[in-house]
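What follows is a single structure, written as structure tokens, with notes after it.
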Amino acid sequence: MAPTSDLPTFDQLGAQIPDNLDAGSVAAEWFKSFSKYAAAGNGQEIAALFAADSYWRDLLALTWDFRTFHGPALRQFLSERLPTVKMSAFALSDEHLCLKRPFPDMAWVEAMFKFETDVGYASGILRLIPQADGVWKAYCMFTNLEALKGFPEKIGPLRNPEPEHGKWEERRQQEIAFETTNPTVLVIGSGQSGLGLAAHLQNLDVSVLVVEQNERIGDNWRNRYDALCLHDPVWYDHMPYLPFPPTWPVYTPARKMANWLESYADALDIPVWTSSEVTAATQDSSRSWKVTVRNRVGGERILDVQHLVFATGFGSYRGALPTYPGMDTFKGQLLHSSQHKRASDHKGKKVVVIGACTSAHDICADYYKHDIDVTMYQRSSTYIMSTKHGWPILMGDRYSEDGPPTEIADIQTASVPMQVVELMAPRRTLKIAEADKDLIEGLKKCGFRLNLGYKDLNDGRDDLHLITKTDVGTSQLLIDGKIRLKNDSLIESFSASGLVFENGTRLEADVVVFATGVGNVRDNICRVCGDLVADRCKPIWGLDAEGEVRGCWRDLGNLAYSRFYSKHLALQIKAIQEGLFKERYSLDR
1 MAPTSDLPTF DQLGAQIPDN LDAGSVAAEW FKSFSKYAAA GNGQEIAALF AADSYWRDLL
61 ALTWDFRTFH GPALRQFLSE RLPTVKMSAF ALSDEHLCLK RPFPDMAWVE AMFKFETDVG
121 YASGILRLIP QADGVWKAYC MFTNLEALKG FPEKIGPLRN PEPEHGKWEE RRQQEIAFET
181 TNPTVLVIGS GQSGLGLAAH LQNLDVSVLV VEQNERIGDN WRNRYDALCL HDPVWYDHMP
241 YLPFPPTWPV YTPARKMANW LESYADALDI PVWTSSEVTA ATQDSSRSWK VTVRNRVGGE
301 RILDVQHLVF ATGFGSYRGA LPTYPGMDTF KGQLLHSSQH KRASDHKGKK VVVIGACTSA
361 HDICADYYKH DIDVTMYQRS STYIMSTKHG WPILMGDRYS EDGPPTEIAD IQTASVPMQV
421 VELMAPRRTL KIAEADKDLI EGLKKCGFRL NLGYKDLNDG RDDLHLITKT DVGTSQLLID
481 GKIRLKNDSL IESFSASGLV FENGTRLEAD VVVFATGVGN VRDNICRVCG DLVADRCKPI
541 WGLDAEGEVR GCWRDLGNLA YSRFYSKHLA LQIKAIQEGL FKERYSLDR
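Numbers 1 to 589, taken from the UniProt record's numbering, label the letters of the sequence shown in order.
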């Protein structure tokens, strides 16, 4: 994905914002015309309400897919889809309606609204920009499916009103066992994505079972290295239905997160089989799945389910481990970061950590704190920003102590197309770099190789989450020389006592930790379903031509991604079960 336009600055538009602007009137006038034409399915008239360079992002409401339209594709979308989706019941909200200034030379009127389609209830956000002739037109439109008609979530006033005297525990055991029934959905993995999806499905009356290979829920966090702590702040990391209490720390330790997930599953009555592994899954002619589940003591069940969900993490079960000549001759210990537990295991040894992103920084800092000789080997440049300055500039207006409610912050974040995020990114990156000037200069002086984001690399990569590190203190240890740094040559091979580099230098090591990434999540699909199914899956992660995250049904990422998009995945499954799901209006249709 690459931006094909410029930001709508005042100079670009040849327009200015009048001092006496009434944002509410601007939004109401535009929305009145939009509602009229949308209800009539008149895509041509709606197109005239949009700026020449504009975007429309839709999450399921109008396309049953995740799409972003721009330029001619937007006009085609309007002409092909609006006559069929039957938009109605439009309502503009005064709440959060305002004039926003992302930068001093840019402004837009932003407002939220609601509407209905033939099958669902939806929300939206519009952003209007001024034109040279004084008319306001849409720059960004966002539409989002919120609920299915006739199938509301059983929350709030729809929760179970009946008292259960002495029956609850027995019923729970029966629900978890699935002795005489099969779940409609089987979810592999009880991390934040698996549990969040299961919670949504249960509240939509879809039977679900979560299968977890570890002994306890949360072990996917609990079994990582002891120093692991979330680098995203608390306001960004809430789970669906059950936010963290106000006493929660800003940055969550991994083991605390693990315990929270365990409590979450219990509080929301999510059925989970722990110490169990899905060993095989095959799809029959009816398109249902026969899933083999084996527990630790050798017991085995074959379940017939309609939907199989992989919530097994961002990468492969085996991690990304590069190979070098001579690794088999190395007399020390080789570990992937997913296998590393604690620095204290390597007292008195020389350690080399290969990698320079999040895990590498965390692990190196932990070794230093335990007085262990550690060297970071940096293979390529890294984008560094501090938590002190980076987060407030990027997300502070939405996810902070004084930010809006999480559900509002989520929809505001999702409503900005990735192409527009990319257009704004260089300005924000430079602002962060200016705020982090001392940190950046210190890293440059110690030889750490830096970049200003993936576009600064000019090597064709298109993953916004690539080689990024939010600094929480490790950078200063590198600057002070307390963690050694090597990045002046490529690794040529391993020797019995360490690493040999192409420039002839050597680095002695007793332990080498590969903090080199997590591999391809398709490996997990292949291991369970076989090559044929894995090969039929679309590429997973990275961005497609429209700036949408690639994947199957798209619930993948950090806690915020899981929280927001787990509902969209649940709505798709429910719509399929109830016969409401229609053909996707997909990029590759």
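The C-beta atom is built at its ideal place from N, Cα and C for all residues, glycine as well. Given the structure is predicted, the values throughout are model-derived calculations rather than measurements.
Cβ shell of residue i (< 6 Å), same chain only, five flanking positions each side left out
i           : result
residue 226 : 342
residue 567 : 200
residue 124 : 113, 142, 143
residue 5   : 53
residue 325 : 493
residue 312 : 188, 189, 524
Where residue i sits in the DSSP three-state scheme
i           : result
residue 159 : coil
residue 446 : coil
residue 13  : helix
residue 6   : coil
residue 102 : strand
residue 234 : helix
residue 245 : coil
residue 431 : helix
residue 566 : helix
residue 253 : strand
residue 393 : helix
residue 352 : strand
Pair within 8 Å by beta-carbon distance, residue i and residue j
i           : j           : result
residue 211 : residue 202 : no
residue 228 : residue 22  : no
residue 511 : residue 348 : no
residue 577 : residue 247 : no
residue 499 : residue 490 : no
residue 522 : residue 537 : yes
residue 177 : residue 54  : no
residue 258 : residue 294 : no
residue 367 : residue 351 : yes
residue 513 : residue 340 : yes
residue 382 : residue 357 : yes
residue 478 : residue 148 : no
Closest residue to residue i among the options (Cα-Cα distance)
i           : options            : result
residue 289 : 303, 88, 277       : 303
residue 155 : 104, 241, 366, 97  : 241
residue 52  : 560, 349, 135      : 135
residue 56  : 84, 232, 206, 128  : 128
residue 278 : 300, 265, 224      : 300
residue 296 : 492, 94, 565, 214  : 214
residue 548 : 446, 416, 559, 100 : 416
residue 503 : 31, 488, 542, 132  : 488
residue 216 : 180, 260, 239, 235 : 260
residue 322 : 34, 492, 8, 186    : 492
residue 287 : 271, 306, 272      : 306
residue 100 : 92, 94, 109        : 109
Beta-carbon proximity list for residue i, same chain, < 8 Å, skipping 5 on both sides
i           : result
residue 586 : 63, 65, 67
residue 440 : 384, 433, 450
residue 88  : 39, 115, 116, 117
residue 392 : 400
Spatial neighbours of residue i in its chain, beta-carbon cut-off 7 Å, leaving aside the 5 residues before and after
i           : result
residue 319 : 336, 338, 518, 519
residue 558 : 232
residue 496 : 329, 330, 331
residue 429 : 452, 453
residue 13  : 129, 130, 131, 132
Interface flag, residue i vs chain B, CB-CB below 8 Å
i           : result
residue 188 : The question asks about chain B, but that chain is absent: this structure has only one protein chain.
If you scan the region 174 to 231 from start to end, which runs of the beta strand (DSSP E) of 3 or more residues do you find wholly inside it?
-> 185 to 188, 208 to 211
Within the region 515 to 553, note down every full alpha helix (DSSP H) run reaching 4 residues or more, in order along the chain.
-> 522 to 529, 531 to 536
May I have a chain-ordered list of the beta strand (DSSP E) segments no shorter than 3 residues that lie completely inside the region 270 to 336?
-> 276 to 283, 289 to 295, 300 to 305, 307 to 310, 333 to 336
Runs of beta strand (DSSP E) lying entirely within the region 4 to 80, each at least 3 residues, in chain order = 50 to 59, 66 to 70
Which ranges does the beta strand (DSSP E) cover as unbroken runs of at least 3 residues, wholly within the region 93 to 147, from first to last along the chain?
-> 98 to 103, 106 to 116, 120 to 130
Which ranges does the alpha helix (DSSP H) cover as unbroken runs of at least 4 residues, wholly within the region 468 to 511, from first to last along the chain?
-> 474 to 479
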